[in-house]
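>
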Amino acid sequence: MFIGILAALIAGTMLGLYALPGKFTSDFEEENKWSLFFILTMFAVPLIATFGLMKGVGAIYSEIDSSILITMIVSSFLWGVGVMMWGKAIDHIGMSLGFSLFIGTVILVGSVLPLGIAISKGQPLPSTPTLIAILIGIAIVLMGVLSNGKAGLKREADEMALKAGEAKAGEARAGEGSAGEGSAGDSETAKPKSYAIGILIAVTGGLLATGFNVAFTYGAGPLADAVKANGNPGWMTAMAVMLPVFLSGGVAMTVYFLIQLSKKKAWGKFKTPAFGKNFVLIFIMAVFHYAASAMYAFAADSLGANGPVVVYAIFNTTCLVVAVVSGILTGEWTKASPQAKRWLYTGLTCMVVGVLVLAYGQTLDQPTAVETTVETAANSFMNLHQVGA
5 MFIGILAALI AGTMLGLYAL PGKFTSDFEE ENKWSLFFIL TMFAVPLIAT
55 FGLMKGVGAI YSEIDSSILI TMIVSSFLWG VGVMMWGKAI DHIGMSLGFS
105 LFIGTVILVG SVLPLGIAIS KGQPLPSTPT LIAILIGIAI VLMGVLSNGK
155 AGLKREADEM ALKAGEAKAG EARAGEGSAG EGSAGDSETA KPKSYAIGIL
205 IAVTGGLLAT GFNVAFTYGA GPLADAVKAN GNPGWMTAMA VMLPVFLSGG
255 VAMTVYFLIQ LSKKKAWGKF KTPAFGKNFV LIFIMAVFHY AASAMYAFAA
305 DSLGANGPVV VYAIFNTTCL VVAVVSGILT GEWTKASPQA KRWLYTGLTC
355 MVVGVLVLAY GQTLDQPTAV ETTVETAANS FMNLHQVGA
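Right, here's the structure in full:
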């Protein structure tokens, strides 16, 4: 049990920290950083991990119905667009806000999606107590998402007010003539990224990222049987699902960044003395991003029938807390007012409490021990987020 809980904590920490090394790259535009990251995390790392750890990879996928793979590929393409937007949101609004808004949106939709799928398949709804707990948890998480959105807008207002005050102070020191020129120059060069746009990108990305949930819903069962039939442990089902998901999502991201790198003429930025350092930092990002999901699946499998429920709460709570704290420690909220920080902390608290309520709701209809833990793990892994993670 200790190993499973520790693995869940490590998984949440890895996902919460995965974007942090990107703050220390140099001489790269956003497009250089994120294109290299997605190439590594969507293609290189999954292929190396899958073929290095899993037995009978070819046989596993040959046993799956083609219609299931097509469904996984299409939904994964949308997921890829969503994760790409997540990266853009982090650049706009920082780790604290980018993580909490994106993952909060995924938790919201990921909690409702299984209910919709169950209804479409004619399956019974959860019991009344479970349904009430799920709805309460969703409402609390939604409050957290809205609170974090408010925190971002307030932080933007604070930073703009501070810049305006600094500009006025500069004008007073420089005198009327030079002040006019300096003000015009600042307006030309300093083009602040809109927090409202960043928030919209994060939420939209979170909605699209639920394509991972769809892919996992349709592929987890058949792949679980094939994975076990080829002599692999049950937790590797997550890896089997992630390979086609990551490859398909990676196609969407590759097309986007090929266009962006050419449009902004950023290809030359790869030719920098800092490329070696940047590559190492971005490779760490890619490993953390991918390994978080595999570690999550291992943790859920290690804790038995109740494992997915426990790990779901530990993982998401750890991820959110680590992301927000790391953003604060790296100075993202230095210029924010106490009011903006209170909105941030309120949002984080709501989202953590909401995740715990959702996890509790899942325990109320917990399946009996004779049912397969793979299906149970699939449902919770779906809600995990995503993200490839």
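Taking this note's numbering, the leading residue of the sequence shown gets 5, the next gets one more, and so forth. We put the beta carbon where it would ideally sit given N, CA and C, even for glycine.
Would you please state the rounded distance, in angstroms, between the beta carbons of Phe41 and Ile286? I believe it to be under 8 Å.
5 Å
> Under the rule that 16 or more other beta-carbon atoms within 10 Å means buried, what is Glu170, buried or exposed?
exposed
> Of the choices Phe28, Leu19 and Phe32, whose alpha-carbon is the least far from that of Thr45?
Leu19
> Leu204 to Arg346, Cα distance in whole Å?
21 Å
> Quick check on the DSSP output: the alpha helix (DSSP H) that includes Lys268 runs from which residue to which?
Unbroken run through Lys268: none, as it is neither H nor E.
> If distances are taken between C-alpha atoms only, which option among Pro277, Gly351, Ile332 and Arg177 comes closest to Phe32?
Pro277
> Could you tell me which of Leu146, Thr208 and Asn320 sits nearest to Met88, measuring between CA atoms?
Checked all of Leu146, Thr208 and Asn320; the closest Cα to Met88 is Thr208.
> At 4 residues or longer, and completely inside the segment 271-352: list those alpha helix (DSSP H) runs for me, N to C.
279-306 and 311-333
> Using the beta-carbon count (16 or more within 10 Å), is Trp83 buried or exposed?
Classification for Trp83: buried.
> Is the distance from the Cβ of Ile318 to the Cβ of Ile9 below 8 Å?
yes
> Apart from the five residues on each side of it in sequence, which residues of its chain come closer than 7 Å, Cβ to Cβ, to Phe274?
The residues are Asn36.
> I need the straight-line Cα distance from Leu73 to Leu265, nearest angstrom please.
31 Å
> What do you reckon, are the CB atoms on Thr322 and Leu13 nearer than 8 Å?
yes
> On the DSSP letters alone, give me the boundaries of the alpha helix (DSSP H) that Asn236 sits inside.
If you look at Asn236, you'll find it isn't in any alpha helix (DSSP H); DSSP assigns it neither H nor E.
> Report the option in Ser151, Lys92, Gly202 and Ser79 whose CA atom is closest to the CA atom of Met355.
Ser151
> Going by DSSP, what residue range makes up the alpha helix (DSSP H) through Lys37?
Glu34 to Ile43
> DSSP three-state label for Pro130, please.
coil
> Can you tell me which of Gly108, Thr241, Ile64 and Val85 puts its alpha carbon nearest to the alpha carbon of Gly351?
Selected option, being the one with the closest Cα: Gly108.
> At a threshold of 7 Å, does Trp337 count as lining the ligand NAD (C-beta to nearest heavy atom)?
This structure lacks the ligand NAD, and indeed carries no ligand of any kind.
> For the alpha helix (DSSP H) holding Thr214, just list the boundary residues, first then last.
Note, Thr214: premise wrong, no alpha helix (DSSP H); not H, not E.
> Please classify Pro248 as buried or exposed, where buried requires at least 16 other C-beta atoms within 10 Å of its C-beta.
When all chains shown are included, Pro248 counts as buried.
> Since Ala15 and Met299 are thought to touch, with beta carbons under 8 Å apart, how far apart are those beta carbons, to the nearest angstrom?
4 Å
> Taking all protein chains shown into account, decide if Arg159 is buried (16 or more other Cβ within 10 angstroms of its Cβ) or exposed.
buried
> What is the residue span of the alpha helix (DSSP H) that Phe6 lies within?
Phe6 to Leu21
> Where does the unbroken alpha helix (DSSP H) through Thr29 begin, and where does it stop?
Careful: Thr29 lies outside any alpha helix (DSSP H) and carries neither H nor E.
> Inspect the beta-carbon positions of Ile27 and Thr334 and report whether they are closer than 8 Å.
Sequence check: residue 27 is Lys here, not Ile. A distance below 8 Å separates the beta carbons of Lys27 and Thr334.
> Which value, in whole angstroms, describes the spacing of the CA atoms of Leu166 and Ala340?
9 Å
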